[in-house]
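If you read the sequences in order, they're chains A and B.
All residue numbers for the first sequence refer to this note's numbering, where the first residue is 3 and numbers rise by one.
All residue numbers for the second sequence refer to this note's numbering, where the first residue is 1082 and numbers rise by one.
We put the beta carbon where it would ideally sit given N, CA and C, even for glycine.
So the structure is just underneath, and the comments pick up after that.
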Amino acid sequence: MTFDINVLIGQWPAILSGAGVTIMIWVLGTIAAAVMGFLLAIARQYGGMVVDKILGVIVAVLRGTPFLIQIFLVYYGGPFIGLELDPLPAGLIGISIYGAAYFSEIFRSGFQAVPKGHIEAGECVGLTRGQIIRRILLPEMTMLVLPPSVNMVVILMKETAVLSIITVPELTATLSAIGSQQYAFVEALSALALFYWVLVEVTGWLGNLVETKLSRFRFFNA
Amino acid sequence: MSIELFGLLLQASIYTVTISLVSIFISFFRGVPLLVQLLLIYNLLPAVGINVPSIVAAIIGLSLCTAAYQAENLRGGFASVPLGLVESAEMVGLTPRQIFRRIKVPIALRLTFPALVNEAILILKASSLVSVVGIVELTRMAQDLAGSTFLPLQIFASAGLIYLVINWVVTLAGGLIASRLPGVPR
């Protein structure tokens, strides 16, 4: 077995662009997923029983089926309902919806952990629902939802690799292609694994750092 | 004396090395996307001269990945075995081996059972990825059918439904088994 790293060095522009696409999908997908997840959680909390039940089923389906099946549905099934998408936007939409389902559960558990008395106290002093969400729910649940959120951000990073299957030109697709063209699978895939490994470890480390920095916002033990 | 010291040092360093190797293993398999792990195993084994059928490579990949996650779960389980139980076992004269087998393992397994069911479901969903190393399982079959029938919407939705049903059965069975397990002392 030969290990020739020069094969990869010669391909650096393609690799850089692949890494860029991976990080872009990750960052945009995570932001979209977190925002949508938050809105979902709010809708389930305040939208009444019917909305809660319907959204609950949708979230359960999204959490119960493989991500790969979901992006196949968006990418290959989309054109049949008039949604003709390129791989990149299809992947972005797929990962955002997938992440939103998980984020909504994280935020919902955060909402439910905030003591009811705090919300009632807010209502008593005449805060509006918006103010209660912004000034009581959000700050109090931040510390609670932080660890599972960091976990989710890491999971989404790893899920971006799956998008290579629908030919999104991210790092896994790029390096697999280089691997097969140059017949340098071992080099390409080792570099690929290392990239994700480092990124995941750094993310986890940053998450811990933020957690320590924000620990003064711990309002209650839960 | 110095030989004993050397022996102790050796034992300590074997312990440290084992711990670091295990944590590197866990960190790697939790930090690298499963798809990349599968590609790596699928391509690496032939490169070092081991030729295995792709289904074996896939099973190895899924097992190593879930082993890393379950190791973390079990570690939590063993850590939450009440100390008092271990101490009373020592008091009645059980050997460390007996304590491990009769006290720690049963309790840790019961405590981590829900996490185990959860992990089983994750692996069920992750198994869709082995379609990329050419194994014709549910996802690959759906892909082939979607290609030949031009009905991707219906086919992939049905495949999703099948995953959902398997999932539901596993969850149900897990809940049933969990409720039948003898009570966990607290």
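{"Check": "Please return the same chain residues whose Cβ sits closer than 6 Å to the Cβ of residue 120(A), not counting the five positions on each side in sequence.", "Outcome": "138"}
{"Check": "Tell whether a beta-carbon distance below 9 Å holds between residue 1214(B) and residue 1148(B).", "Outcome": "no"}
{"Check": "Counting beta carbon pairs with one atom in the stretch 1228–1243 of chain B and one in the stretch 79–89 of chain A, are three or more of them shorter than 8 Å?", "Outcome": "yes"}
{"Check": "Using a Cβ distance threshold of 8 Å, determine whether the stretch 1254–1262 of chain B contacts the stretch 1192–1201 of chain B, with at least three qualifying pairs required.", "Outcome": "yes"}
{"Check": "At which residues does the alpha helix (DSSP H) containing residue 110(A) begin and terminate?", "Outcome": "89–115"}
{"Check": "Extract the residue ranges of the alpha helix (DSSP H) inside the stretch 1098–1168 of chain B, only unbroken runs of 4 or more that lie entirely within it.", "Outcome": "1115–1128 and 1135–1160"}
{"Check": "Among 1174(B), 1246(B) and 1100(B), which has the Cα closest to the Cα of residue 1205(B)?", "Outcome": "1246(B)"}
{"Check": "For residue 1185(B), I'd like the list of residues in its chain whose CB is within less than 8 Å of its CB, leaving aside the five on either flank, ordered along the chain.", "Outcome": "1159, 1162 and 1167"}
{"Check": "Under a CB-based cut-off of 9 Å, is residue 1151(B) close to chain A?", "Outcome": "no"}
{"Check": "Please report the straight-line C-alpha distance between residue 1084(B) and residue 187(A), rounded to a whole angstrom.", "Outcome": "48 Å"}
{"Check": "With DSSP collapsed to three states, give me the class of residue 1171(B).", "Outcome": "helix"}
{"Check": "Should residue 5(A) go down as buried or exposed, given a rule of 16 or more other Cβ atoms within 10 Å for buried?", "Outcome": "exposed"}
{"Check": "According to DSSP, simplified to helix, strand and coil, what is residue 172(A)?", "Outcome": "coil"}
{"Check": "In angstroms with no decimal places, state the Cα-to-Cα distance between residue 166(A) and residue 55(A).", "Outcome": "34 Å"}
{"Check": "Measure from the C-beta of residue 224(A) to each C-beta in chain B and report whether the shortest distance is under 9 Å.", "Outcome": "Low confidence applies to residue 224(A): its pLDDT is 46, below 50, so where it sits in the model is not reliable enough to give any reading."}
{"Check": "Kindly give me the distance between the Cβ atoms of residue 150(A) and residue 108(A), rounded to whole angstroms, as I take these residues to be in contact under 8 Å.", "Outcome": "5 Å"}
{"Check": "From the DSSP output, in three-state form, read off residue 186(A) for me.", "Outcome": "coil"}
{"Check": "For residue 197(A) versus residue 158(A), is the C-beta distance shorter than 9 Å?", "Outcome": "no"}
{"Check": "Could you pull out every residue in the same chain whose Cβ sits closer than 7 Å to the Cβ of residue 1226(B), ignoring the five residues on either side in sequence?", "Outcome": "1236"}
{"Check": "Hey, would you say the C-beta of residue 1211(B) is under 8 Å away from at least one heavy atom of the ligand GTP?", "Outcome": "What this structure holds is no ligand at all, so the ligand GTP is not there to describe."}
{"Check": "DSSP state of residue 5(A), grouped into three classes?", "Outcome": "coil"}
{"Check": "Any C-beta of chain A sitting closer than 9 Å to the C-beta of residue 1233(B)?", "Outcome": "yes"}
{"Check": "Can you give the Cα-Cα distance for residue 12(A) and residue 183(A), rounded to whole angstroms?", "Outcome": "13 Å"}
{"Check": "Taking C-beta to C-beta, are residue 170(A) and residue 23(A) nearer than 9 Å?", "Outcome": "yes"}
{"Check": "Please identify the residue among 1183(B), 1172(B), 1187(B) and 1210(B) whose C-alpha is closest to the C-alpha of residue 1123(B).", "Outcome": "1210(B)"}
{"Check": "Kindly indicate which three-state DSSP category residue 40(A) falls into: helix, strand or coil?", "Outcome": "helix"}
{"Check": "Distance, Cα to Cα, residue 110(A) vs residue 75(A)?", "Outcome": "27 Å"}
{"Check": "Classify residue 1096(B): buried if its beta carbon has 16 or more other beta carbons within 10 angstroms, exposed otherwise.", "Outcome": "exposed"}
{"Check": "Have a look at residue 1094(B) and residue 1125(B) and give me their C-alpha separation to the nearest angstrom.", "Outcome": "31 Å"}
{"Check": "Mind checking if residue 55(A) is an interface residue toward chain B, Cβ cutoff 9 Å exclusive?", "Outcome": "no"}
{"Check": "Quick check: the Cα distance between residue 57(A) and residue 1195(B), rounded to an integer number of angstroms?", "Outcome": "25 Å"}
{"Check": "Do the stretch 1165–1181 of chain B and the stretch 29–42 of chain A make contact, defined as three or more Cβ pairs closer than 8 Å?", "Outcome": "no"}
{"Check": "Going by the beta-carbon positions, is the gap between residue 163(A) and residue 101(A) smaller than 9 Å?", "Outcome": "no"}
{"Check": "Which chain B residues are close to residue 150(A), counting only those with a beta carbon under 7 Å from its beta carbon?", "Outcome": "Going along chain B, no residue has its Cβ under 7 Å from residue 150(A), so there is no contact; the nearest lies around 14 Å."}
{"Check": "When you compare only the Cα positions, how much space is there between residue 84(A) and residue 1129(B)?", "Outcome": "48 Å"}
{"Check": "Put residue 1218(B) into one of helix, strand or coil per three-state DSSP.", "Outcome": "coil"}
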